[in-house]
Structures are given as structure tokens and as C-alpha cells.
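Report on the structure given below.
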Amino acid sequence: MTSPNNYLAVIKVVGVGGGGVNAVNRMIEEGLKGVEFIAVNTDSQALMFSDADVKLDIGREATRGLGAGANPEVGRTSAEDHKDEIEETLKGADMVFVTAGEGGGTGTGAAPVVASIAKKSGALTVGVVTKPFDFEGKRRARQAAEGIETLKEVCDTLITIPNQRLLQIGEQDLSMMDAFRFADEILYNGVQGITDLITIPGMINVDFADVRSVMAEAGSALMGVGSARGDDRVMNAATQAINSPLLESTMDGAQGVLISVAGGSDLGLMEVNAAASIVEEKADPDANIIFGTIIDDNLGDEVRVTVIATGFEQGNGNPLDKPAAGAAARPAAQDAEARPAAEQAPRQGSALPGGDNLGAPAPRAEEERPVAQPREREDRDRFVPRTNPNSGGLFTDNPTPRTQENRNYRGAHRYEDRDDRDDRRGGYQASSDLPEWGF
3 MTSPNNYLAV IKVVGVGGGG VNAVNRMIEE GLKGVEFIAV NTDSQALMFS DADVKLDIGR
63 EATRGLGAGA NPEVGRTSAE DHKDEIEETL KGADMVFVTA GEGGGTGTGA APVVASIAKK
123 SGALTVGVVT KPFDFEGKRR ARQAAEGIET LKEVCDTLIT IPNQRLLQIG EQDLSMMDAF
183 RFADEILYNG VQGITDLITI PGMINVDFAD VRSVMAEAGS ALMGVGSARG DDRVMNAATQ
243 AINSPLLEST MDGAQGVLIS VAGGSDLGLM EVNAAASIVE EKADPDANII FGTIIDDNLG
303 DEVRVTVIAT GFEQGNGNPL DKPAAGAAAR PAAQDAEARP AAEQAPRQGS ALPGGDNLGA
363 PAPRAEEERP VAQPREREDR DRFVPRTNPN SGGLFTDNPT PRTQENRNYR GAHRYEDRDD
423 RDDRRGGYQA SSDLPEWGF
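Numbering of the sequence shown is given in my numbering, commencing with residue 3 and proceeding in unit increments.
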């Protein structure tokens, strides 16, 4: 008899480099279920502190386990040297998340190698990465930009989270350690919002095929998360999600939208419908919208809304890439409205509006230049980036109990006894104690 487990989607989350492994540790800490966690790093010491199910030390030869030294080329060659191990680890996956902190060595260089292997195996491959804070320097910012472009070419969907915008959410006295924990939290939210739709049954159920229809070959994506309590909680959470400070551009015109609404068993149908309407107004009229709900009584009266938007103009996936059409048309229309009618009319003897006398007849000299109608200006403005978005309540802390068994470590170090490992590392996970700089 066939086991029911054979019908469950196999989802694997791969943390690459120091930032990616930290994010995986946070997901395990928060109790993300239904996925297999894999840690990949050139730093053997950082791998010792990870709770991932599988750990791959790809720096044994190239770096002697000492890290990539903020050099993406070292990260890339290290991953390529261990392609067979990575391929074996990802075998059988239906969906693979590749998470990393862009700008360093291992995450920037090795993440595209991991994503390429995953996609070639047939898995739906989703990258969830962060851009560095401004205080991390221009070199990391430049390396991050190059790494993101490379990763986008080998992922079905790439979600990029700008760390600098997290400062709009945190308190004025936010510590550096808390800032990096916030970044880990956002990576967790992005993965959780998608995986929970697949792995947790809800009132409105979403299967893996639904998610694939939105995220396959989608390019760059935008992600927003909102949470709220009290009156109009779902509408407020949905509004926060689409106006999130994490959005570097507007969601207007998205061709594919994935909406996840999580709440307690008292989640109302009318509430859910109102939230869907708010998000739907931002998307393209013909957009493929996948909507799902998750019932989680651990949330109490809180409601959490996660929105993933994909497939922007010409399938580019990033409205910032093609702003010229809307941005250029709008000033022209405004100029036409402001310019006096005498200036709009062509000069006598000119075939061009406003041109000098070129000796050609002037056809229909009295004709005015067309003025863009309100509806046309609205359409043209669809991809103009929004500035100063309203802050959204993105961070909630509801850890759930977790258990992890049968951990398999393929690197140079292995601890069977967790207490022994905890004694060696001397306290809380290193992922929270020290931010990763360049590995």
C-alpha cells in the first residue's frame, strides 16, 4: 500500500554562508515545520553551531574550513568543488529555498551554484536573500548587487530584502545584533508564508501546484508582511503588507500574487474577503491570484498577512527595472496641461509642433496636442516606485516547540550529544551572538 507521505511536497531550505546559516537557525528556533534544513558554509566553526538537519562543509579544501574571506570567487569555487555533495543533498526536492546574506564571500558566490543545481534537478527554486546594511560598506553593497543579478538568472523567483529598510521599523536605540536578528526574522517570514500554505491545511487550501503556477520562472518578486489585532485586524494587516517598508517599489501591476492569511479559528470569512480585495486592487486585472488561509490558534487574536507579488511588466519581475515608460509619459502629460494653448499649436509653416519654419505646409495648425486622460495617467503610473511607504507591523514572536532528530553532518566536525555541543559553544547560538561579516 502506498504511504500517504508520498503525496507530500518535499521542501528543502538551504542556508548558504554565514547569513544564510543564521537565517536557517532562526527558522529552526521558531519551529518552522514540514521542511528539511541544510546548512552550507566554508566556515567549519559556524557549521558546528547550526541545528540544521544536514551540514555541508564546502571549505575543507579551498579554505581549510576558515571561510571565504568576503571573496565571492572563493565561495563559488568552493561550491563547485562540492557539486556532487550538493546535488545528492538536494535530490528528490520539489521545492528548494536558497537563503543567503548577499555581499560576503560564501553567500554571494556559492548561492548561485546551489540554486543552479536545484533548478536543474527540476525543483521549484526560490531565492530569499538580504542586501547589506549601509554601514557594512560600499564593497559589500557592490558585491551584493552583482551576486543578486547572478542569482536571479538561476532562480525561478528571487525575493530580495533590503536590510537598510529594517531601520525604519526598529527603535532608535536598536543594537547591531538586533538589526541582524530582524533580518533573520524577515527571511523566516518569507519562507514561512509560502511553506505554511503548502504544508498546513486551511479553510481555503493551497497546494504545491498552485504555488508553482505563481512562482515558476517569475523573476524578481516583492514581499510584504503585516500583522494586526483588534477591529479590522485583517484589513489593517493586509494594508501593512502592501505598504511594507521592505518594498523597494509598488506592487501595482503584478501578474502573479500569493496571499497567505494566518489567524486563529475565529478568523471570519468577511474579514478574509476584505483582505483579498485590498490586495487584488493592486494587482493586474488578469493576474493569477492564489489565496490561502492558515488556522493557527497559537496566534491568539493576531492575524498575519503575507503577500508575494511576481510577474511585473513584461515578466521582468522588478518594476524598478522598467520605470521609463510610466515615468517619462507622466511629465509629458503634465507639461501639456500646463503649457498655454498658444504654445501647444504648431508655428505657421512648420510640420512639427513647436518647430521652426522648415518650408513645409502646416497641416491642421489649430490641432492641440493630446492631453493624457486621468485613466491613461493612472495606467502609466503603475510602475512608478512608491516613496516613503507606511510602516507595517512585520515582527511577531510566537515560537512553537520543536524537535529535530537524525541530524546528519557531512563536514569535518560532528556532535551527537547536543548538551556536549552547547557546553563547547558556551551559551546561545552563535548566529545571534555574533553577526557574520564576509563569510
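Ideal placement from N, C-alpha and C gives every residue a C-beta, glycine not left out. Quantities reported herein were computed from a predicted structural model and do not represent experimental measurements.
Proximity winner among the options, relative to residue i (alpha-carbon distances)
i: Val-116; options: Glu-138, Asp-136, Glu-87 and Asp-96; result: Glu-87
i: Lys-121; options: Glu-89, Glu-63, Val-208 and Arg-142; result: Glu-89
i: Glu-250; options: Ile-119, Leu-260, Ala-223 and Lys-284; result: Ala-223
i: Glu-38; options: Ala-48, Lys-57, Met-50 and Leu-49; result: Lys-57
i: Asp-268; options: Leu-260, Leu-301 and Asp-286; result: Leu-301
i: Ser-279; options: Ala-147, Phe-210, Asn-238 and Gly-265; result: Asn-238
i: Ile-196; options: Ile-261, Ala-277, Thr-65 and Asp-288; result: Ile-261
i: Gly-313; options: Val-307, Asp-180, Asp-59 and Pro-287; result: Pro-287
i: Leu-271; options: Ile-40, Gly-204 and Gly-221; result: Gly-204
i: Ala-240; options: Ala-277, Ile-206, Val-216 and Met-178; result: Ala-277
i: Asp-299; options: Gly-36, Ala-264 and Thr-79; result: Ala-264
i: Val-156; options: Pro-114, Glu-187 and Gly-266; result: Pro-114
i: Lys-85; options: Gly-67, Leu-68 and Val-42; result: Val-42
i: Asp-59; options: Ala-112, Val-128 and Ala-143; result: Ala-112
i: Gly-36; options: Gly-67, Leu-68, Ile-202 and Gly-221; result: Ile-202
i: Ala-143; options: Gly-67, Phe-182, Asp-175 and Ala-72; result: Ala-72
i: Gly-221; options: Leu-10, Leu-68, Val-128 and Ile-40; result: Val-128
Residues near residue i in its chain [Cβ-Cβ closer than 6 Å; skip 5 each side]
i: Val-12; result: Gly-94, Ala-95 and Asp-96
i: Lys-284; result: Ile-244, Met-253 and Asp-254
i: Met-225; result: Ile-161, Gly-192 and Ile-310
i: Asp-212; result: Ile-292
i: Gly-109; result: Val-18, Gly-19, Gly-21, Gly-22, Ala-102 and Gly-103
i: Thr-308; result: Gly-195, Val-227 and Ser-262
Own chain residues within Cβ distance below 7 Å of residue i, not counting five before or after
i: Arg-167; result: Pro-247 and Leu-248
i: Arg-231; result: Asp-303 and Glu-304
i: Glu-282; result: Ile-291
i: Asn-165; result: Thr-132, Lys-133, Pro-134, Phe-135 and Ala-185
i: Ala-146; result: Glu-104, Gly-105, Thr-110, Lys-133 and Pro-134
i: Gly-395; result: Note that Gly-395 scores 35 on pLDDT, short of 50, meaning its location in the model is unreliable and no value can be drawn from it.
Nearest-angstrom Cβ-Cβ length linking residue i and residue j, presumed shorter than 8 Å
i: Asn-290; j: Gly-258; result: 5 Å
i: Pro-74; j: Gly-107; result: 6 Å
i: Leu-219; j: Asp-158; result: In the sequence under discussion, the amino acid at residue 219 is Glu, which differs from the Leu named in the question. At roughly 6 Å, the Cβ-Cβ gap stays under 8 Å, so Glu-219 and Asp-158 are in contact.
i: Ala-70; j: Thr-44; result: 5 Å
i: Asp-198; j: Ile-296; result: 5 Å
i: Val-208; j: Gly-294; result: 4 Å
i: Val-26; j: Ala-54; result: 5 Å
i: Leu-153; j: Ser-123; result: Contact doesn't hold; Cβ gap of about 17 Å is too wide.
i: Lys-14; j: Val-130; result: About 13 Å; that fails the 8 Å criterion.
i: Ala-64; j: Ser-52; result: Ala-64 to Ser-52, Cβ: 20 Å. No contact.
Counted within 10 angstroms of its Cβ, other Cβ atoms place residue i as buried (16 or more) or exposed
i: Gly-17; result: buried
i: Pro-403; result: Because the pLDDT at Pro-403 is just 43, under 50, the model does not fix this residue reliably, and the value given afterwards should be weighed accordingly. With fewer than 16 other Cβ atoms within 10 Å, it is exposed.
i: Lys-447; result: Outside the displayed range of the chain (3 to 441) lies residue 447, so it cannot be described from this structure.
i: Leu-126; result: buried
i: Asp-234; result: exposed
i: Phe-137; result: exposed
i: Met-50; result: buried
i: Glu-273; result: buried
i: Glu-151; result: exposed
i: Glu-187; result: buried
i: Ser-177; result: exposed
i: Met-179; result: exposed
i: Arg-78; result: buried
i: Arg-66; result: exposed
Where the beta strand (DSSP E) containing residue i begins and where it ends
i: Asn-43; result: 38-43
i: Gly-17; result: 13-18
i: Met-272; result: It is not in any beta strand (DSSP E) - Met-272 instead sits in the alpha helix (DSSP H) that spans 271-284.
i: Leu-126; result: 126-133
i: Ala-311; result: 305-312
i: Asp-186; result: Careful: Asp-186 lies outside any beta strand (DSSP E), inside the alpha helix (DSSP H) at 178-201.
Same chain only: Cβ atoms within 8 Å of residue i, ignoring 5 sequence neighbours per side
i: Tyr-190; result: Ala-25, Arg-28, Met-29, Glu-32 and Leu-34
i: Glu-407; result: Low local confidence applies: a pLDDT of 43 at Glu-407 is under 50, so the model's placement there is unreliable, with the coordinate-based value given in what follows. Counting only Cβ-Cβ distances below 8 Å, and skipping sequence neighbours, we find nothing.
i: Ser-215; result: Gly-258, Asn-290 and Ile-292
i: Ile-163; result: Val-130, Val-131, Thr-132, Lys-133, Ala-185, Ile-188, Leu-189, Gly-192, Met-225 and Leu-248
i: Ile-1; result: The chain is shown from 3 up to 441; residue 1 falls before or after that span and cannot be answered.
Segment limits, alpha helix (DSSP H) that includes residue i
i: Asp-212; result: 210-217
i: Ile-150; result: 140-154
i: Met-253; result: Run containing Met-253: none; DSSP gives neither H nor E here.
i: Ala-239; result: 235-244
i: Asp-86; result: 85-92
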